[in-house]
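J.: Per the working numbering, residue 26 is the first one in the sequence shown, and the count goes up by one each step.
Glycine included, C-beta positions come from ideal geometry on N, C-alpha and C.
The following block contains the structure, expressed as structure tokens.
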Amino acid sequence: LSSWALSGRWNWAIVLGAFMVLNMIAQALARSEASRPIQYVGLAVAVIAESLILQPLITVLFWKFPSGNAINILTAASIITMLIFGGLTLTVFLTKKDFSFMRGFLTIATFAAMGVIIASLIFGFQLGAIFCGAMILLMAGYILYQTSLVMQHYPPTHYVSAALMLFSTVATLFWYVLQFIMEMSSNR
Numbered sequence: 026l027s028s029w030a031l032s033g034r035w036n037w038a039i040v041l042g043a044f045m046v047l048n049m050i051a052q053a054l055a056r057s058e059a060s061r062p063i064q065y066v067g068l069a070v071a072v073i074a075e076s077l078i079l080q081p082l083i084t085v086l087f088w089k090f091p092s093g094n095a096i097n098i099l100t101a102a103s104i105i106t107m108l109i110f111g112g113l114t115l116t117v118f119l120t121k122k123d124f125s126f127m128r129g130f131l132t133i134a135t136f137a138a139m140g141v142i143i144a145s146l147i148f149g150f151q152l153g154a155i156f157c158g159a160m161i162l163l164m165a166g167y168i169l170y171q172t173s174l175v176m177q178h179y180p181p182t183h184y185v186s187a188a189l190m191l192f193s194t195v196a197t198l199f200w201y202v203l204q205f206i207m208e209m210s211s212n213r
């Protein structure tokens, strides 16, 4: 998958499109009222899709950097992702603040980011560290918003869809933290 996905920007666009479709299917299954096993199928589909989309980036990491450096970068990205998620989740739990007011901004910022990604595919420019930093901030906003949503508005019976929602955001955060560290490490 990695070789094919990375062999051209349009191949990567197909991978991203397939990922988005799989994610929509997973979300629909996880929110299903039909049965709990169907909800878990949705969660499994999302976990598999996330692992497939992360695999090419991790492959590039090991291509670009010697294995010792690659492992250090991967470890740093994992720790930073956990610290960001843990800190923001703790913030929501301790303040008990409702961050639902962020929805409009997050929606607009997401469409803007998608526009930049599509433009990079069409025109062939690299997104770079600044874009990754902006996406890390966007995912941080989503963690505040979604954690608050789960605490304030989700019924206790919707724990599978809540887990999927937060898992997808944390996986996306990890993606951009890893890319950011790779960009900064390759510029040395």
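Are the Cβ atoms of Leu-47 and Gly-67 separated by less than 8 Å?
T.: In the sequence shown, the residue the question calls residue 47 occupies position 22. In the sequence shown, the residue the question calls residue 67 occupies position 42. For Leu-47 and Gly-67, no; Cβs fall outside 8 Å.
J.: Looking only at its chain, what residues have a beta carbon closer than 8 Å to the beta carbon of Asp-123, apart from the 5 residues adjacent to it on each side?
T.: Working through the sequence shown from its first residue, we reach residue 123 at position 98. Contacts found: Ser-173 and Gln-177.
J.: What does the alpha-carbon distance come out to for the pair Met-49 and Leu-189?
T.: Stepping through the sequence shown from its first residue, residue 49 is reached at position 24. Stepping through the sequence shown from its first residue, residue 189 is reached at position 164. Answer to the nearest angstrom: the Cα atoms are 11 Å apart.
J.: Measure the alpha-carbon distance for Ile-2 versus Ile-83 and round it to whole angstroms.
T.: Only positions 26 to 213 of the chain appear in this structure, which leaves residue 2 out of reach.
J.: How would you call Thr-194, buried or exposed, if buried means at least 16 neighbouring beta carbons within 10 angstroms?
T.: Counting from one through the sequence shown, the residue named residue 194 turns up at place 169. Thr-194 should be labelled buried.
J.: Skipping 5 residues on each side, what residues in its chain have a beta carbon closer than 8 Å to that of Leu-86?
T.: Residue numbering aside, residue 86 sits at position 61 when the sequence shown is read from its first letter. Counting only Cβ-Cβ distances below 8 Å, and skipping sequence neighbours, we find Ala-95, Ile-98, Leu-99, Leu-203 and Met-207.
J.: Can you tell me the Cβ-Cβ gap for Ala-134 and Leu-163, rounded? I've got them flagged as a contact below 8 Å.
T.: Walking along the sequence shown from the start, residue 134 turns up at place 109. Walking along the sequence shown from the start, residue 163 turns up at place 138. Indeed, because the Cβ distance is near 5 Å, the residues count as touching under 8 Å.
J.: Just to confirm, is the Cβ distance from Lys-121 to Ser-211 under 8 Å?
T.: Translated into positions along the sequence shown, residue 121 becomes position 96. Translated into positions along the sequence shown, residue 211 becomes position 186. No. Outside cutoff.
J.: Does DSSP put Lys-89 in a helix, a strand or coil?
T.: For the purposes of this step, residue 89 is identified with residue 64 of the sequence shown, where counting begins at 1. Looking at Lys-89 - three-state DSSP - the assignment turns out to be helix.
J.: Can you tell me which of the three DSSP states Glu-58 falls into?
T.: For the purposes of this step, residue 58 is taken as the residue at position 33 of the sequence shown. The answer is coil: DSSP assigns Glu-58 none of H, G, I, E or B.
J.: Beta-carbon within less than 8 Å of Gln-151's beta-carbon, same chain only, minus the 5 sequence neighbours each way: which residues are those?
T.: The count along the sequence shown starts at 1 and reaches residue 151 at position 126. Excluding positions up to five away in sequence, the list reads Ser-145.
J.: Rank Ile-147, Gly-140 and Tyr-179 by C-alpha distance to the C-alpha of Met-160 and give the top, closest one.
T.: What you label residue 160 is simply residue 135 of the sequence shown in a count that begins at 1. Checked all of Ile-147, Gly-140 and Tyr-179; the closest Cα to Met-160 is Gly-140.
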